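Take the sequence shown: its position 45, counting from 1, is numbered 744 in this note's numbering, and each next residue is one higher.
Where a beta carbon is used, it is the ideal one built from N, C-alpha and C, also for glycine.
Every value quoted in this text rests on a predicted model; they were computed, and no experiment measured them.
Notes follow once the structure below has been shown.
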Amino acid sequence: MQGFAQESADYEKYKKSLNYWDGYIIDKGGQKIEGLVKDLNEEKVAYQVVFVNKAGAKKKYKPSQIRGYGYSVYKYVSNSKIFLEVVSEGKRIGIYKALTESINYGGLSGTAPMKSQSEGYYFKKTNEVVFFEFKAEAVNSIRLGKSKKVDKKLVEYFSDCESLKTRIASGELTSNDYNKIAYHYNYDCQ
């Protein structure tokens, strides 16, 4: 944890703004640096964070530059490509989500490009470095049926817990049951 630094006049100016919250970043070395974090809209939080240090210097960070950040009730971690919001963290596994955007340029000339958003969900076991994406769908879309392809990936991912693997393979638990899956893995698997 960083020592108590004198807060500059610039820092105080940002602090009075409704867009900045007390928060922190975690640098690449794992050091927590306290300051102010700008509350960005949903479309930007996955790709950057605006941070003001106690000296009042404002800087944008990309996911490849820091390990994560947090403010208010929000906590984000980096997978080096995007920031993922922490949904829950357990003793053996955590659940994370990210809202990402893509642009479809259409196929016909004169057709305007369209933005679409998708919400991706990820698991990460505490002993692993890589995030496992298990569910991604377009925001405001209607999802019909279960994706057996995703369920097969889940069966493989949880192959170290026989009881959970069986429940997923049988269809009792699907990717939509991610909270139940994480709970089972955290408390019922050895």
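| query | How long is the line joining the alpha carbons of residue 673 and residue 758, rounded to whole angstroms? | reply | Lying outside 700 to 889, the shown extent of the chain, residue 673 is not represented and no answer is given.
| request: Can you give me the start and stop residues for the alpha helix (DSSP H) that residue 866 sits inside? | output: 861–868
| said: I need the straight-line Cα distance from residue 843 to residue 878, nearest angstrom please. | reply: Note that residue 843 has pLDDT 45, beneath the 50 cutoff, so the model's placement of it is unreliable and no number is given.
| Proximity to residue 745 [Cα-Cα], best of 766, 812, 756 | 766
| said: Determine whether the beta carbon atoms of residue 769 and residue 775 lie at a separation below 9 Å. | reply: yes
| Nearest residue (CA-CA) to residue 780, options 794, 791, 799 | 799
| task | Note down the Cα distance separating residue 728 from residue 869, rounded to an integer number of angstroms. | result | 43 Å
| message | For residue 851, count the other beta carbons within 10 Å of its own beta carbon; 16 or more makes it buried, fewer makes it exposed. Which is it? | response | exposed
| Contacting residues, own chain, Cβ-Cβ under 8 Å from residue 726 (five flanking each side not counted) | 732, 765, 766
| Helix, strand or coil: which one does DSSP assign to residue 817? | strand
| query | Under a three-way DSSP split, which group does residue 828 fall into? | reply | coil
| Residue range of the alpha helix (DSSP H) that includes residue 715 | 708–715
| Check whether residue 827 and residue 796 have beta carbons under 9 Å apart | no
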